[in-house]
Every structure is written in C-alpha cells, then in structure tokens.
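Visitor:
Residue numbers (my numbering): 72 to 127.
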C-alpha cells in the first residue's frame, strides 16, 4: 500500500508540473530554460511512475 501512496503522490506532482508548464508557456515572455528544466523533472517523474507501476 505504501507503493500506491507513492504512485499517487508522483502522479499529483506530474499533473502540477504540467499545469506550471502550461501557465509558463501562456506568458508571452516565458522562460525557455525554466520550461526545459520543468519538462526534465516531469520526465523523471514519469519514468519513476512507470518503474513503480511495472513492479506492481
């Protein structure tokens, strides 16, 4: 059950980062470096989620 809680937490983080990216890119002067860092973070979370789900 602890793994499921971790999966839920990571899923929520993934969604939050997606919303931050969308908000940032909606701004005409969005910061490419910040968006790239957020996308990398989102990808790391996605990879971790896939590993946890595969092990479940």
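Beta carbons are placed, not taken as given, at the ideal position from N, Cα and C, and that holds for glycine.
Where does residue 104 land, buried or exposed, given buried means 16+ other C-beta within 10 angstroms?
Guide: Burial call: exposed.
Visitor: On a CA-only basis, which of 77, 97, 73 and 91 is nearest residue 113? Give me that one, please.
Guide: Measuring from the Cα of residue 113, the nearest candidate turns out to be 91.
Visitor: Return the chain-ordered list of same chain residues with a C-beta closer than 7 Å to the C-beta of residue 81, the five sequence neighbours on each side being excluded.
Guide: Once the five neighbours on either side are set aside, the close Cβ partners of residue 81 are 116, 119 and 120.
Visitor: Would residue 123 and residue 77 be called neighbours here (beta carbons separated by less than 9 Å)?
Guide: Yes, these two residues count as a Cβ contact at 9 Å.
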